[in-house]
């Protein structure tokens, strides 16, 4: 047990902190529209220059060019978090497409897309899920027929975040209709302004149509050159799985800050003139959540240690998404209960607390319990890959 | 940055686990249960020979001088084997209590504990829970009163007991005026009794022992949480193995999602609790300021998940899990007994709130 990061890393932490102290005011407001987008591009450029964004991406592809170092990444996350800032840009281009291109892309694809994506000049969306292919993603039906040097794409994607603001989409399509489902898929890049692409906003239960929007994307005879494929034809599933691994890593936020926010609420919120924290019932629920938060906090350190040693954390790693998402939901549930009959106030209504943060967080957490592999899919993975229990047999075909 | 066990610690766990698997298999636990024997000296002496009973005792007193994390790992292995032995009391709580109280007398006791020659019982329930009008008083020369739910006392050589909130005493098990009544609990693997004292002459009285009491509770709670976690591990291992071999409807039951998901949920609760336990034990030695809070949260959290793990593990086994023959109940009951042994979850969480200044009176 050694929980120190060491002097070299503490020096790096001071560097990051100094950068943030000096440049915090350059951070753009949330969102990708108009002025915010221009400010975002400047902000990301500044970050790359100082090595706190695109840090380990080679210089030839527009990055800072440092050696990969997990602890440095953790420190940057911690310091941006501490400053109350989003690190870099929270979008699927930098977090999912770029690592995939670096691993599987051609030299030309890397040159063309990595730098502009990291700088926020090109916004991407992800076209994976379909109405008929959710948990069973590999059954996807959006087709890409060969026609001369082109593919012609027809089908429908769903849960496409930021499709309405994206310049490009990375999309999974079926190029080999006669192959088995996992080996008939290809990974294709195409511009969102290609004729035949139609976007429909998908209103979620949060009612939010702002920057966290979801969409459906319809493809009708969408023509794109076959050279826009990443990797080989039929390897799209394998390639997408490296991307999904990157997504799972981004869904593991620490609940400690959220719990502190709940404690603050419980000190402020009074019922019958008594603060909620003074209620033994609410307080016991709070302490029970705090025990779970602490467990996940130190569990995170254990998983980080495995990553630093380049070892698999085994079953201990597989349970993180399942536990963290539920924990966030349960924290917001107590907050909503503490506010009692006022806990339902929403959408800037009079008497609303904290700009309805807790209802929003509750609904958002519920989405995370389902998204990126539902809780039930997670349990299958834990039991099958982690504990070695057999897969459910396929029903007999008739 | 290295959050995990060292190679030495991994080896320690393996050594103790193998030792217990050989010396005290569950068949032996069953024999002891049938003989109503909760204090088999052979096990305690063997642990002394193995060198783990003095794990927290300084090297100059014949121990290994290791840290609470090491002791917690041994406790976990003991819980995993459901071994009836006074390790929690004699090897964790008593040596920790004696640290700030050290005299030549306590050094001698520690030396004899480390060799496996003597063991201690513990009567401290009244520090956190007074029932049945229990309580020990000291009139300046002798002790009188009643102590409830004493641990490992009936077959011990000495007993460490609490007098109120800031005094401790050591008495001999065979001292005149002491009546020890075994209390039968659900758990055949941990010795429980009441002590009735009438003008008992103590071997030692420790005044102003608040610090020692606080430390022995923290260490005891972490050690007990480790024991419970070990019991949970044992139940989960058996459940996963059973789900992987038992067939119904022409299928291994572990292929049914209903059963498979139960197993996934068990391990999803267990693993973060293991991380929590490692940190709590580590911080007892390195960040003592955090220790009372971490000890309360760790035992409360592990007690909560353990009740669920014990129940669901039994359910994975179906009817056979409910029989005496399947042995699962030894762990189920050990977990059940541990839940309130050093403060139940509600009381621990209330303490955790107090420590953080959150226990504002309504």
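Chains as they are written, first to last, in our numbering: chain W, 6 to 403; chain B, 164 to 525.
C-beta atoms are modelled at their ideal positions from N, C-alpha and C, and glycine is treated no differently.
Just so you know, these numbers come straight off a predicted model, no measurement behind them.
At least three beta-carbon pairs within less than 8 Å, the segment 454-468 of chain B to the segment 511-525 of chain B: Output reads yes: the segment 511-525 of chain B touches the segment 454-468 of chain B.
Secondary structure of residue 65 (chain W), DSSP reduced to three states: Along the first chain, one-based indexing puts residue 65 (chain W) at 60. Of the three classes helix, strand and coil, the one that applies to residue 65 (chain W) here is helix, per DSSP.
Neighbour list for residue 426 (chain B) in chain W, Cβ cutoff strictly below 7 Å: Numbered from 1 along the second chain, position 263 holds the residue referred to as residue 426 (chain B). What residue 426 (chain B) touches in chain W: 388, 392, 394.
Per-residue contacts from residue 86 (chain W) into chain B (C-beta, under 8 Å): Reading the first chain from its first residue, position 81 is the one you call residue 86 (chain W). None at all; the shortest Cβ gap to chain B is about 17 Å.
Amino acids of chain W, ordered along the chain, whose beta-carbon sits closer than 7 Å to that of residue 512 (chain B): Counted from its first residue, the second chain places residue 512 (chain B) at position 349. At a beta-carbon threshold of 7 Å, the residues of chain W lying near residue 512 (chain B) are 289, 292, 293, ordered along the chain.
Beta-carbon proximity check, residue 98 (chain W) vs residue 46 (chain W), cutoff 8 Å: Position 93 of the first chain, counted from the start, is the residue given in the question as residue 98 (chain W). Position 41 of the first chain, counted from the start, is the residue given in the question as residue 46 (chain W). No, these two residues do not count as a Cβ contact at 8 Å.
Chain W within 8 Å of residue 237 (chain B), Cβ atoms only: Sequence index remark: in the second chain, residue 237 (chain B) carries index 74 (1-based). No, residue 237 (chain B) lies away from the interface with chain W (no Cβ there is under 8 Å from its Cβ).
Alpha-carbon to alpha-carbon, residue 365 (chain B) and residue 325 (chain B): Indexing the second chain from 1 puts residue 325 (chain B) at position 162. Indexing the second chain from 1 puts residue 365 (chain B) at position 202. Residue 325 (chain B) and residue 365 (chain B): Cα-Cα distance of roughly 12 Å.
Cα-Cα separation, residue 385 (chain W) to residue 423 (chain B): Position 380 of the first chain, counting from 1, holds the residue named residue 385 (chain W). Position 260 of the second chain, counting from 1, holds the residue named residue 423 (chain B). Each residue's Cα considered, the two are about 7 Å apart.
Per DSSP, cross-strand counterpart(s) of residue 343 (chain B): By 1-based counting over the second chain, the position of residue 343 (chain B) is 180. According to DSSP, residue pairing for residue 343 (chain B) in a beta bridge involves B:358.
Buried versus exposed, by CB contacts within 10 Å (16 or more), residue 210 (chain W): Taking the first chain and counting its residues from 1, the one referred to as residue 210 (chain W) is at position 205. Looking at its Cβ environment, which holds fewer than 16 other Cβ atoms inside 10 Å, residue 210 (chain W) is exposed.
Span separating the alpha-carbon of residue 360 (chain W) from that of residue 347 (chain W): As a working mapping, residue 360 (chain W) is identified with position 355 in the first chain. As a working mapping, residue 347 (chain W) is identified with position 342 in the first chain. Answer to the nearest angstrom: the Cα atoms are 12 Å apart.
Proximal residues of chain B, C-beta to C-beta of residue 385 (chain W) below 9 Å: Position 380 of the first chain holds residue 385 (chain W). 420, 423, 424, 427, listed in chain order.
Alpha-carbon to alpha-carbon, residue 286 (chain B) and residue 331 (chain B): Working through the second chain from its first residue, we reach residue 331 (chain B) at position 168. Working through the second chain from its first residue, we reach residue 286 (chain B) at position 123. In this structure, the straight-line span from the alpha carbon of residue 331 (chain B) to that of residue 286 (chain B) is close to 10 Å.
Where residue 255 (chain W) falls, given that 16 or more other Cβ within 10 Å makes a residue buried: The count along the first chain starts at 1 and reaches residue 255 (chain W) at position 250. Its pLDDT being 47, under 50, residue 255 (chain W) is placed unreliably in this model, and the value from its coordinates should be taken loosely. Exposed, because fewer than 16 other Cβ atoms sit within 10 Å of the Cβ of residue 255 (chain W).
Cβ pair count under 8 Å reaching 3, the segment 371-383 of chain B against the segment 334-354 of chain B: In short, these stretches do not touch, since the Cβ pair count stays below three.
Alpha-carbon to alpha-carbon, residue 104 (chain W) and residue 120 (chain W): By one-based count along the first chain, residue 120 (chain W) stands at place 115. By one-based count along the first chain, residue 104 (chain W) stands at place 99. Distance from the CA atom of residue 120 (chain W) to the CA atom of residue 104 (chain W), rounded to whole angstroms, is 12 Å.
With 16 other Cβ atoms within 10 Å as the buried cut-off, status of residue 428 (chain B): Here residue 428 (chain B) corresponds to residue number 265 of the second chain, with the count starting at 1. Counting Cβ neighbours within 10 Å, residue 428 (chain B) comes out buried, since at least 16 surround it.
Nonlocal neighbours in the same chain, by C-beta distance under 8 Å from residue 262 (chain B), ignoring five residues either side: By one-based count along the second chain, residue 262 (chain B) stands at place 99. Once the five neighbours on either side are set aside, the close Cβ partners of residue 262 (chain B) are 375, 378.
Bounding residues of the beta strand (DSSP E) (the contiguous stretch that carries residue 33 (chain W)): Residue mapping note: residue 33 (chain W) aligns to position 28 of the first chain, counting from 1. Taken as a continuous stretch (DSSP letters only), residue 33 (chain W) belongs to no beta strand (DSSP E), as it is neither H nor E.
Under 8 Å from the C-beta of residue 5 (chain W): neighbouring residues of chain B: Any question about residue 5 (chain W) goes unanswered here, given that chain W covers just 6 to 403.
Chain B contact for residue 256 (chain W) (CB, 8 Å cutoff): Reading the first chain from its first residue, position 251 is the one you call residue 256 (chain W). Low per-residue confidence applies at residue 256 (chain W): pLDDT is 44, beneath 50, and the placement is therefore not dependable, though the value from the model is reported in the following sentence. For residue 256 (chain W), not one C-beta of chain B is nearer than 8 Å to its own C-beta.
Distance CB(residue 290 (chain W))-CB(residue 339 (chain W)) smaller than 8 Å: Within the first chain, numbered from 1, the residue matching residue 290 (chain W) stands at position 285. Within the first chain, numbered from 1, the residue matching residue 339 (chain W) stands at position 334. It is a contact, given that the beta carbons lie within the stated cut-off.
Other residues of its chain near residue 201 (chain B): CB distance less than 6 Å, five sequence neighbours each side excluded: If you number the second chain from 1, residue 201 (chain B) lands on position 38. So the qualifying residues of the chain are 247, 354.
Within-8 Å CB hit, residue 438 (chain B) to chain W: Locating residue 438 (chain B) in the second chain gives position 275, counting from the first residue. At least one C-beta of chain W is nearer than 8 Å to the C-beta of residue 438 (chain B).
Straight-line gap, residue 301 (chain B) to residue 406 (chain B) (C-alpha atoms, nearest Å): Walking along the second chain from the start, residue 301 (chain B) turns up at place 138. Walking along the second chain from the start, residue 406 (chain B) turns up at place 243. C-alpha separation (whole angstroms): 56 Å.
Other residues of its chain near residue 369 (chain B): CB distance less than 6 Å, five sequence neighbours each side excluded: Taking the first residue of the second chain as 1, we reach residue 369 (chain B) at position 206. Here the set comprises 264, 331.
Nearest to residue 392 (chain W) (by Cα), restricted to the options B:184, B:260, B:417: Stepping through the first chain from its first residue, residue 392 (chain W) is reached at position 387. With distances taken between CA atoms, residue 392 (chain W) lies nearest to B:417 out of B:184, B:260, B:417.
Neighbour flag for residue 232 (chain B) against chain W, beta carbons, 8 Å: Residue mapping note: residue 232 (chain B) aligns to position 69 of the second chain, counting from 1. Yes, because at least one Cβ of chain W sits closer than 8 Å to the Cβ of residue 232 (chain B).
Selection from B:320, B:323, B:351 that minimises the alpha carbon distance to residue 242 (chain B): To locate residue 242 (chain B), count along the second chain from 1; it is residue 79. With distances taken between Cα atoms, residue 242 (chain B) lies closest to B:351.
Per-residue contacts from residue 442 (chain B) into chain W (C-beta, under 7 Å): Against the second chain, residue 442 (chain B) aligns to sequence position 279. Going along chain W in sequence order, the residues near residue 442 (chain B) (Cβ under 7 Å) are 303.
Beta-ladder partner(s) of residue 310 (chain B), from DSSP: Numbered from 1 along the second chain, position 147 holds the residue referred to as residue 310 (chain B). Within the DSSP bridge table, the entry for residue 310 (chain B) names B:358 as partners.
Closer than 8 Å to chain B by CB, residue 348 (chain W): Reading the first chain from its first residue, position 343 is the one you call residue 348 (chain W). Interface flag for residue 348 (chain W) against chain B is unset, since no Cβ pair is found closer than 8 Å.
Neighbourhood of residue 244 (chain W) by C-beta, 7 Å cutoff - its chain only, sequence neighbours within 5 removed: On the first chain, position 239 is the one that residue 244 (chain W) refers to. Around residue 244 (chain W), the same chain offers 105, 109, 192, 235, 236 as residues with beta carbons nearer than 7 Å, after the five sequence neighbours per side are excluded.
Within-8 Å CB hit, residue 94 (chain W) to chain B: As a working note, residue 94 (chain W) is residue 89 in the first chain. Chain B contact via Cβ: absent.
Proximity test, Cβ basis, 8 Å: residue 214 (chain W) and chain B: Counting from 1 along the first chain, the entry for residue 214 (chain W) is found at position 209. In this prediction, residue 214 (chain W) has a pLDDT of 49, which is less than 50 and means its spatial position is unreliable; nothing more can be read from the coordinates.
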